[in-house]
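Mind the numbering: the sequence shown is residues 19 to 919 in the working numbering, read in order.
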Amino acid sequence: MAENTKMEVGEDVGETIDEREGEENMDENAGEGSDSSDSEDSDSHEAVHNPQIQQLELQVEKSPYHYDSHVELIKLLRESGDLDRVRNAREGMSKIFPLTQDLWSEWLKDEIPLACIPEQREKVIALFERAVKDYQSVRVWILYCQFMMDIMEGQDSLQGVRATFEKAIIAAGLHVTEGSSIWEGYREFETDILESLEQMVTEENKETMMEKISSQKEKVMSIFKRQLGVPLLGMQATLREFEDWLEDSVPDAVMIAYEKALAKLEECLPFEDTLGSAQPPKTTEFKSYLAYELKKGDPARIQCLYERAMNKNCLVGDMWTEYTSYLDSTLKITTVVLPIHERAVRNCPWVSLLWQNYLRALERNNQDHNKVKETLDTALGCGFSASDDYLQLWHCYCDYMRRRVEDWSEDSQQVKDLRENFKTATEYLQNYFGKAGDPTNLLERYWARVEAFHINDVSECQRLWDNVILSNHGREAEFWLEYANILSSPASCPVGSDNPEMVIQALLSFEREEGTLEDWDAAFSRCRVQLLRVNERRQKVAEKEVVRARAEEETQEKRKRKNAERKATKKVEQKKAKMEMKKRKATDQGISGDKTKQSEEDSGEPAAKKPHIAKESDVPSATHATSTGEPSTTEKIEHDSTKDANTVFVSNLLFSIDEERLKETLLPHGEITEIRLVKNQMGKSKGFAYVVFKNQSSVQAALSMDRTKLDGRPMFISPSVDKSKNPTQFKFPTSLDKKTVFVSNLPFDIKESDVENVFKKHGKVTQVRLVTNRAGKPKGYGYIEYEEETSAPTAIVALDGSLLGERQISVALSNPPSRRPRQPGADQQQRPKEQPGSRGRARTQLQLLPRSLQKTASSAPAPSSQNSTPSSEGKTEAKNGAEPKQGFSNEYFKNLMQRKK
């Protein structure tokens, strides 16, 4: 890196040589400028009249926060060669947005060739200082160090180069994969100086030069030792270079540090490999890596890794919140913490929480009141997405103003400023958002408590509460209770109660309104730890519940299989019994026929014609084909699993929808080869069907119509799945889901976009699902799924029990109850057998089985009338040709025949 720098080391090491080359370069540049002045003028003229550039300039002026317009304008101006205009465009963008390392590299490379005089060099150095503060970039730091070596002109410049390298090592020297390049550049620079000193040794200055050489060797060795103690890629090669340079064995202390660093590198390499193979922005991979480093607890490494993460996730507000919270609670160094807070709000100015944390950081680090007020004014102009963001920002600033008050006498200036601030805040929200700005009168209630507790002005407190009650809450009991119990404090509530989130929120509110910033920080830390413990306990309980539910499901499944086997065995036995009964009946009928024939022969008269006995097979069944050959209405359709990829399942249809109407609806999405509308025994639709498309690509288009209304009723469209091969899988988790919250008591007219706007303040929302009935109307509850697990507890603490519309919503982690399989025959077992009423069996309960097939209740014949006898009854039946009842023996029939003779 230092090869391009020519130095002459004497009394003043580092003085520049070769002024002749500088003069030649200036002459050449002058010559080129004279030759190309006309072309530059023409380029500038073209740039001025370029309609695309003019349009972009107007767009940037009209919409200064449109990032892509700035980038495109800089690109076109740079191509045009108009350095002044591109410099102005870059300055304008830098005031609004942090610039990426690519944009800074281009800017610096354009400015470095012009740094010929000290004033221009100072401007370039100032640009470098701005560049390295936006993002951590090893590339920019190397460019910075190279520039400092190129302009080195004396001992002061030499120290400036070393100071630049030291800053680069502090900022990016712990970068596992790229940090070694900074260390190597530093070593090469010091090694070049050592070699120059060795070449300048003569007999006259030998003693003096040897002292300088020895001192320089110590500098080189110090860099080697420091580098070998840092886990970096290529550290094995660095050790070999150190051994070659040292020409001796490496000291034991250095080897011990090297072994520790090498072991640390082995632990980090899996995380680095995962980062290297992942696709940007690598949020999940960085969070996993950060969890490991946070557990190890090295602040320098944690900060370096956070900087790497923010380079790829600069627009993720949650990442900035985690980073700044770590610095506030652990590092607590003003010169480090405040610049990072400033970078956070520049990268994500739309995140109100970052501005609130910035205000607290300014107060925590004893910054001037004007700076805090200026920060508030800047935040108010950032255009937050919801009125609640402004409310929370004003609430935070009111906390700051309350904590500034030392003299609580009513005539003190600090009390007047506090009252004026409360008034300004409430008027601001009222003017811009109306009642939606502060729907629960949060600031006015806060103001009233300050008047009652601190200023002891009860009349002013009453005036404020009268305004709260009369504004919109006169019929809400909780406001009247708070008004009546205004002197009560939630600080005594136990955090281990049945609703810890509510208690935590009350405790934090109490500390922010009554305690110091240190009290609030301590309470926040305690509550955060306690909430993590509560969530861990809930998770363990949920896991046990899942295990128990699975065991119960397995038991139910085994019981179900046993019942099925028992039923199958019983069916086989019943079938065998029926077959035996049929055989026995056939045998009995044969015997009866023989006896009748014998009686005809004996009497000489033909017997009466035996009536036809109806059989079950003679009755037309709806399950069989009709005599015309048409298929039955309940004809079973065999499922062809090969068509599943081209099939969709459509349900929740009106019973009046037929195949033609359904085909007309879905035909625009692709050619349909088959529609199977499922019907009941009467031939009427059951409200669902299978639609088979010719092409698989049509299925996705058809799925997009899910919940589209057909004749006023939403139809549900889903992929067709063969349940015999693929058991039903729920689309969403049915156990504890740490990324999803369950919200109930929602207004029935609320939209998914409104719910998302409320919950996205606490993290990135990936999906909002409002549960509806079959008619498509909301049921008043739903699920909100976050991208990160940390967002769900934050939303629960902030929103549980809050008002949404005119309803108080309930928010909790999604943990649906386990689904127990329904036991076969449960309804029959629980439902008592109905007995006929006093008027006998209803007409609708009459048995349709022919009387000739009905079994008698008793084996003995019942008398048909008074004074009837078995003989007379048997005679009557014989005359009618009816089959004799059970109980008459063959001897009875023999005597009967002989009597007839």
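We treat Cβ as the ideally placed atom computed from N, Cα and C, and that holds for glycine.
As the structure is a prediction and not an experimental result, all values here were calculated from the model.
Contact check, residue i vs residue j, beta carbons under 8 Å
| i | j | result |
| --- | --- | --- |
| S669 | F711 | no |
| A338 | L372 | Checking the displayed sequence, the identity of residue 338 turns out to be Trp instead of Ala. Yes, the pair counts as a contact, with Cβ atoms nearer than the cut-off. |
| S403 | N775 | yes |
| E805 | G781 | yes |
| N459 | V486 | yes |
| N383 | T352 | yes |
| D128 | L145 | no |
| V783 | I802 | yes |
| E381 | L535 | yes |
| E531 | R437 | no |
| D435 | M419 | yes |
| E494 | C479 | no |
| D346 | V354 | no |
| E678 | K757 | no |
| V248 | A189 | no |
| V2 | L549 | The requested residue 2 does not occur in the structure, where the chain is confined to residues 19 to 919. |
| K453 | N490 | yes |
Beta-carbon proximity list for residue i, same chain, < 7 Å, skipping 5 on both sides
| i | result |
| --- | --- |
| K661 | V710 |
| V89 | none |
| D772 | none |
| V219 | M227 |
| Q119 | Y153, S155, R157, V158 |
| V564 | S753 |
| T209 | V238 |
| K681 | I690, I693 |
| Q177 | none |
| P457 | L821 |
Residues of its chain near residue i, where Cβ-Cβ distance is below 6 Å and the 5 sequence neighbours each way are ignored
| i | result |
| --- | --- |
| K243 | V272 |
| N664 | V710, F711, Q714 |
| T726 | none |
| S306 | none |
Cβ neighbours of residue i in the same chain (closer than 8 Å, five flanking residues each side left out)
| i | result |
| --- | --- |
| V268 | L257, F260, E261, Y276 |
| E41 | Only weak support is given to the placement of E41: the predicted model assigns it a pLDDT of 39, under 50, and the question is left unresolved by the model. |
| D676 | L695, S703 |
| D475 | E428, E469 |
Opening and closing residue of the alpha helix (DSSP H) in which residue i lies
| i | result |
| --- | --- |
| T118 | Per DSSP, T118 belongs to no alpha helix (DSSP H) and is neither H nor E. |
| R694 | Premise fails: R694 lies in the beta strand (DSSP E), 690-697, not in any alpha helix (DSSP H). |
| E97 | 85-98 |
| L358 | Checking the sequence, you will find Ile at residue 358 rather than Leu. Per DSSP, I358 belongs to the alpha helix (DSSP H) from 352-365. |
| V390 | 387-398 |
| L323 | 317-330 |
| G18 | Residue 18 falls outside the range modelled here, since the chain spans only 19 to 919, and no answer is possible. |
| P298 | Careful: P298 lies outside any alpha helix (DSSP H) and carries neither H nor E. |
| D407 | 405-422 |
| S809 | 809-817 |
| T339 | 335-344 |
| L372 | 370-382 |
Where the beta strand (DSSP E) containing residue i begins and where it ends
| i | result |
| --- | --- |
| G705 | 703-711 |
| M1 | The structure shown does not extend to residue 1, since the chain spans only 19 to 919, so no value can be given for it. |
| Q785 | 783-790 |
| T726 | 726-728 |
| S198 | From DSSP, S198 is part of no beta strand (DSSP E) but of the alpha helix (DSSP H) over 198-217. |
Contact belief for residue i with residue j at Cβ below 8 Å, rounded distance in angstroms
| i | j | result |
| --- | --- | --- |
| S703 | F673 | 5 Å |
| C322 | L461 | Actually they are not in contact, since the Cβ atoms of C322 and L461 sit about 41 Å apart, beyond 8 Å. |
| E15 | Q154 | Any question about residue 15 goes unanswered here, given that the chain covers just 19 to 919. |
| I130 | V142 | 6 Å |
| L212 | I231 | 7 Å |
| T182 | M170 | In fact, because the Cβ distance is near 11 Å, the residues do not count as touching under 8 Å. |
| V104 | I114 | With 8 Å as the limit, V104 and I114 do not qualify as a contact, their Cβ atoms being about 16 Å apart. |
| G798 | F766 | 6 Å |
Closer than 8 Å to chain C by CB, residue i
| i | result |
| --- | --- |
| V759 | Checking the listed chains, one finds no chain C in this structure; it contains a single protein chain. |
Check your understanding: Quick check: the region 385-402 against the region 426-440, are there 3 or more CB pairs under 8 Å?
Key -> no
Practice item. Spell out a yes or no on whether the region 754-761 and the region 825-833 are touching, meaning 3 or more CB-CB pairs, one atom from each, closer than 8 Å. Key: yes
Point to revise | Segment contact, 8 Å Cβ cut-off, at least three pairs: the region 192-201 with the region 228-237 | key: no
Practice item. Would you be able to state if there are at least three C-beta pairs under 8 Å between the region 276-293 and the region 306-316? Key: yes
Practice item. State whether the region 324-336 contacts the region 374-383, with contact taken as three or more CB pairs (one from each stretch) at a distance under 8 Å. Key: no
Review point. Are the region 80-96 and the region 409-417 touching, with three or more C-beta to C-beta distances below 8 Å?
Key: no
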